[in-house]
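Engineer: Under the numbering used here, the first residue of the sequence shown carries the number -15, and numbering increases by one thereafter.
Structure below; questions to follow.
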Amino acid sequence: MRQKSNLSILIPAVLLITLAVPWQAHSHFGMVIPSVPVLSEQNRPVDVALSFSHPFEFIGMELDIPKRFFMVSSGQQTDLLDSLQPANIMGSSGYTYRFTPSRPGVYQFVMEPQPYWEPLENRFIIHYTKTVVSIFEAEDGWQEPVGLPVEIRPLLRPFGNYRGNSFVGQVLVNGKAAAHAEVEVEYYDKDQRFQAPTGPHITQMVIADANGIFTFSCPLGGWWGFASLSLADYKIPGPKGDDKEVELGAVLWIFMDEYQRR
Ligand SMILES: [Cu+2]
């Protein structure tokens, strides 16, 4: 009898909690975070960290070995999947890649994870995640799309920026401007300095114009992630074998520096 009454309280309580958690709080972001956004000195490696996380809340999720991880520079694509090392990122499994550059260039690092099954949304999620790194202060080619199914093309140069600058980007779906696309924005609170006043403050949101172009001012130094989500035109079999929708995320990470005193 006692057990039954406990259960009858517990079940609605669990349901209530599940329903009360705002959807936005579940916004995961693919993350590709290099140790520096611009490499000035020669003979230094750049460590690139791959994860699937809640960047503002500093919560990691398990990341399986990605389907693809590569870099693109001057139109040349280099597969890096075999060079990934397992790593613990925000308390969960991720990967790192140590890049020891030999020549200057703008390098775009791209992760295509394996489809992630999200039971809360009853769909798969694939975040095509991109970060642009300037090696030996090169500046050419950062605005070139890689040619991903979904992609954010930076219109503000994605490095050499200061806190307070406005990021401008264009959402592309199959290489075409995605009119009125929604873009989620999250700050990577790496040092766990901040708390959100409310749920919607964790993941902010901006809507692109008719040309897929959006602007967002970044009031803090550090990494900022932009994610535009759209439904794929295909389905894949879910855990029970029936076809499920696939959400494609175009994710881009950019860095804002602090002004430095002389
Ligand atoms: Cu998550």
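Glycine is no exception: its CB is placed at the ideal position from the N, C-alpha and C atoms.
These figures come from a predicted structure and were not determined experimentally.
Which residues in the same chain as V22 place their Cβ atom closer than 7 angstroms to its Cβ, once the five residues preceding and following it in sequence are excluded?
Structural biologist: Counting from 1 along the sequence shown, the entry for residue 22 is found at position 38. The answer, listed in chain order, is S118, E121, F143, G144.
Engineer: Report the residue from G89, H38, R28 whose alpha carbon sits nearest the alpha carbon of S57.
Structural biologist: For this step, residue 57 is matched to residue 73 along the sequence shown. Residue G89 is the option with its Cα nearest to S57.
Engineer: Helix, strand or coil: which one does DSSP assign to L65?
Structural biologist: Here residue 65 is taken as the residue at index 81 of the sequence shown, counted from 1. Reduced to three states, the DSSP call for L65 is helix.
Engineer: Does the distance from the CB of G205 to the CB of V235 come in under 8 angstroms?
Structural biologist: Translated into the one-based positions of the sequence shown, residue 205 becomes position 221. Translated into the one-based positions of the sequence shown, residue 235 becomes position 251. Contact: no.
Engineer: Report yes or no: do the region 232 to 246 and the region 105 to 116 share at least 3 C-beta pairs separated by less than 8 angstroms?
Structural biologist: With the cut-off at 8 angstroms, the region 232 to 246 and the region 105 to 116 touch.
Engineer: Count the C-beta pairs between the region 121 to 137 and the region 180 to 194 that are closer than 8 angstroms, then say yes if the count reaches three, no if not.
Structural biologist: Counting Cβ pairs under 8 angstroms, fewer than three are found: no touch.
Engineer: I'd like the ranges of any beta strand (DSSP E) spanning at least 3 consecutive residues and lying wholly in the region 95 to 176.
Structural biologist: As far as the region 95 to 176 is concerned, its whole beta strand (DSSP E) runs of at least 3 residues are 100 to 102, 107 to 119, 134 to 138, 150 to 157, 166 to 171.
Engineer: Name the residue from S77, F53, D124 whose alpha carbon lies nearest to the alpha carbon of S67.
Structural biologist: Along the sequence shown, one-based indexing puts residue 67 at 83. The option with the nearest alpha carbon to S67 is F53.
Engineer: Name the DSSP beta bridge partners of F210, please?
Structural biologist: As a first step, residue 210 is located in the sequence shown; it is residue number 226 there, counting from the start. V169, L236.
Engineer: Comparing the CB of M45 with every heavy atom of ligand 1, is any distance shorter than 7 angstroms?
Structural biologist: Residue mapping note: residue 45 aligns to position 61 of the sequence shown, counting from 1. For ligand 1, at least one heavy atom lies less than 7 angstroms from the Cβ of M45.
Engineer: Does the contact criterion of 3 or more C-beta pairs under 8 angstroms hold for the region 97 to 109 versus the region 74 to 87?
Structural biologist: Touching, no.
Engineer: Nearest-angstrom Cα distance between I197 and H185?
Structural biologist: Within the sequence shown, the letter at position 213 stands for residue 197. Within the sequence shown, the letter at position 201 stands for residue 185. Cα to Cα, the separation comes out at about 22 angstroms.
Engineer: Sort out for me which residues DSSP pairs I79 with in a bridge.
Structural biologist: Within the sequence shown, the letter at position 95 stands for residue 79. According to the sequence displayed, residue 79 carries Tyr and not Ile. Bridge partners of Y79: L34, P70.
Engineer: Please state whether DSSP places P203 in a helix, a strand or coil.
Structural biologist: By one-based count along the sequence shown, residue 203 stands at place 219. Here P203 sits in coil by DSSP.
Engineer: Exposed or buried, what is W7 when buried is set at 16 or more other beta-carbons lying within 10 Å of its beta-carbon?
Structural biologist: The residue you call residue 7 lines up with position 23 of the sequence shown. Confidence at W7 is low in this model, with a pLDDT of 46, below 50, so the placement of that residue is unreliable and no value is reported for it.
Engineer: Determine the extent of the beta strand (DSSP E) in which P29 is found, giving its start and end residues.
Structural biologist: Here the question's residue 29 lines up with position 45 in the sequence shown. First-last for P29: undefined, no H or E at that position.
Engineer: Can you list, in chain order, the residues of its chain with a C-beta nearer than 8 angstroms to that of P129? Leave out the 5 residues immediately preceding and following it.
Structural biologist: As a position in the sequence shown, residue 129 is number 145, starting the count at 1. Around P129: E135, R137, L156, G159.
Engineer: Our contact map puts A163 next to S212 with C-beta atoms below 8 angstroms; I'd like the distance itself, whole angstroms only.
Structural biologist: If you number the sequence shown from 1, residue 163 lands on position 179. If you number the sequence shown from 1, residue 212 lands on position 228. 12 angstroms between Cβ atoms; not a contact.
Engineer: Nearest to I73 by CA position, among K51, K219, H38, is which residue?
Structural biologist: Residue mapping note: residue 73 aligns to position 89 of the sequence shown, counting from 1. For I73, the nearest C-alpha among the options comes from H38.
Engineer: Name the two residues that bound the continuous beta strand (DSSP E) containing P18.
Structural biologist: Position 34 of the sequence shown, counted from the first residue, corresponds to residue 18. From DSSP, the beta strand (DSSP E) with P18 extends over 13 to 18.
Engineer: Which residues mark the beginning and the end of the beta strand (DSSP E) in which G44 is found?
Structural biologist: Here residue 44 corresponds to residue number 60 of the sequence shown, with the count starting at 1. That run of the beta strand (DSSP E) goes 43 to 45.
Engineer: Please go through the same chain and pick out, in chain order, the residues whose beta-carbon is closer than 6 angstroms to the beta-carbon of A216, but skip the five residues on each side of it.
Structural biologist: Here residue 216 refers to the residue found at position 232 when the sequence shown is read from its first residue. Correct list, in chain order: V230, L232.
Engineer: Taking the alpha-carbon of T115 as reference, which of S35, Q244, G225, Q69 has the nearest alpha-carbon?
Structural biologist: If you number the sequence shown from 1, residue 115 lands on position 131. It is S35.
Engineer: Indicate, with yes or no, if ligand 1 has a heavy atom lying under 7 angstroms from the CB of H111.
Structural biologist: Start at 1 with the first residue of the sequence shown, and residue 111 comes out as number 127. Checking every heavy atom of ligand 1 against the Cβ of H111, none is found closer than 7 angstroms.
Engineer: Give the secondary structure of G89 by DSSP, where H, G and I count as helix, E and B as strand, and everything else as coil.
Structural biologist: The residue labelled residue 89 in the question sits at position 105 within the sequence shown. In the structure shown, G89 sits in a strand (DSSP, three-state: E or B).
Engineer: Using only CA atoms, which one of E168, Y172, Q176, T199 lies nearest to M189?
Structural biologist: Position 205 of the sequence shown, counted from the first residue, corresponds to residue 189. Of the listed residues, the one whose Cα sits closest to M189 is E168.
Engineer: To the nearest angstrom, how far is it from the Cα of Y79 to the Cα of D175?
Structural biologist: Reading the sequence shown from its first residue, position 95 is the one you call residue 79. Reading the sequence shown from its first residue, position 191 is the one you call residue 175. Roughly 20 angstroms between the two C-alpha positions.
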